[in-house]
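J.: Positions -3 to 175 (this note's numbering) are the ones given, in order, by the sequence shown. All C-beta atoms in this analysis are idealised placements derived from N, C-alpha and C, irrespective of residue type, glycine included. This is the structure, below, for whatever I ask next.
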Amino acid sequence: AKHVIPESYDGHNVTSFNASSFRFSNTEVLYFGKNIKKVIGSFSYANSLKSIYFDGTVNDFVNIEFEDYDANPLYYADNFYVKNNDKYEKVEEITIPETVTRIKERQYACFKDLTKVYMSKNTSIAYDAFYGCDKLRSVYFNGTKEEYMTKVGRTVISSTNSNIDIYVFENGSWTILKY
-3 AKHVIPESYD GHNVTSFNAS SFRFSNTEVL YFGKNIKKVI GSFSYANSLK SIYFDGTVND
57 FVNIEFEDYD ANPLYYADNF YVKNNDKYEK VEEITIPETV TRIKERQYAC FKDLTKVYMS
117 KNTSIAYDAF YGCDKLRSVY FNGTKEEYMT KVGRTVISST NSNIDIYVFE NGSWTILKY
């Protein structure tokens, strides 16, 4: 089954919903709009959930306030798509905006198809920021090795898996970081 949480209802923006509505349901695909700012309840036991389609950007999605970790549908769905130029695209790589100075704990949790992250030298990362991103293989940090070790250190690797290549930008080119 497919369910859509509308952008608006009866002339009012829909800004939140209760994930518990989908517990034990046969919902396989869930669409929801960029106006969503908060999700309460839990998707637990939403074992049929396969795909999430979000009408905003990745950055809009990670700024949604999830009441608890299992209010995030990505803990259950295998596929995550965002709308780009009126077309949905699977999220496989992301660029953290330069305006983001701190990635919070589990902010990008369970982006299951995420393979590559680009981030500025101004960004620090909390432990478990990329929890459940098992396909993450490359992180590009637009700063030096020293800046990377100060801002990020081993948090990306320790909170996901050890098969991640970290690249820093030194001497005008990308260089793999050796610990």
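Examine chain D for any beta-carbon lying closer than 8 Å to the beta-carbon of glutamate 101, and answer yes or no.
T.: In summary, chain D is missing from the structure at hand, where a single protein chain is found.
J.: Just confirm the distance between the C-beta atoms of aspartate 109 and glutamate 88, as a whole number of angstroms; I'd bet it's less than 8 Å.
T.: Here residue 109 corresponds to residue number 113 of the sequence shown, with the count starting at 1. Here residue 88 corresponds to residue number 92 of the sequence shown, with the count starting at 1. Aspartate 109 to glutamate 88, Cβ: 5 Å. Contact.
J.: DSSP three-state label for serine 21, please.
T.: Counting from one through the sequence shown, the residue named residue 21 turns up at place 25. Three-state result, serine 21: coil.
J.: Within the same chain, show all residues whose beta-carbon is closer than 8 Å to that of tyrosine 163, passing over the 5 residues directly before and after it, in chain order.
T.: Sequence index remark: in the sequence shown, residue 163 carries index 167 (1-based). Same-chain partners within the cutoff: Ser134, Val135, Tyr136, Phe137, Trp170, Thr171, Ile172 and Leu173.
J.: Between lysine 117 and the rest of its own chain, which residues show a CB-CB distance below 6 Å, the 5 nearest in sequence each way excluded?
T.: Residue numbering aside, residue 117 sits at position 121 when the sequence shown is read from its first letter. The residues are Asn138, Gly139 and Glu143.
J.: Verify whether the separation of the beta carbon atoms of glutamate 101 and aspartate 66 is less than 8 Å.
T.: Looking up residue 101 in the sequence shown gives position 105. Looking up residue 66 in the sequence shown gives position 70. The answer is no: Cβ separation not under 8 Å.
J.: Looking at the unbroken beta strand (DSSP E) that takes in aspartate 161, where does it start and where does it end?
T.: Start at 1 with the first residue of the sequence shown, and residue 161 comes out as number 165. That run of the beta strand (DSSP E) goes 161 to 166.
J.: For asparagine 80, write down the residues that DSSP places opposite it in a beta bridge.
T.: One-based indexing of the sequence shown puts residue 80 at position 84. Looking at the DSSP assignment, asparagine 80 forms a beta bridge with Lys83.
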